[in-house]
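Below is one structure; the comments refer to it alone.
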Amino acid sequence: MEELHFNCPAYLAQRFWLMCTERRDTPGAILREFMLNEISKTDAGFEFDLKSVTGFDAWSIREGKQATRK
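Going letter by letter, the sequence shown gives residues 51 to 120 in the working numbering.
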């Protein structure tokens, strides 16, 4: 997956980290939720099944579960 880099004002970044702490969630989980919500608002036909794409549900991803090697 591609890593995205962008400039972010310090106050916005600080608020983001505080929100992560308040929710006791990872930055990735919060960004993923935000993107899914925003895309769903503009595309009524958009359905995203995290488990079918990654093999894990949102809770497993938040907990840092890794795929087991066979």
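All residues carry an ideal CB built from backbone N, CA and C; glycine is no exception.
Could you check where the alpha helix (DSSP H) with residue i kicks off and where it finishes?
i, result
"F66", "60-73"
Using three-state DSSP, classify residue i as helix, strand or coil.
i, result
"T76", "coil"
"N87", "helix"
For residue i and residue j, which I take to be in contact (beta-carbon distance under 8 Å), what is that distance rounded to the nearest angstrom?
i, j, result
"S121", "F96", "It is not possible to answer for residue 121, since the shown part of the chain is limited to 51 through 120."
"R74", "I80", "R74 to I80, Cβ: 11 Å. No contact."
If we call anything under 8 Å between Cβ atoms a contact, is residue i one with residue j?
i, j, result
"C70", "P77", "yes"
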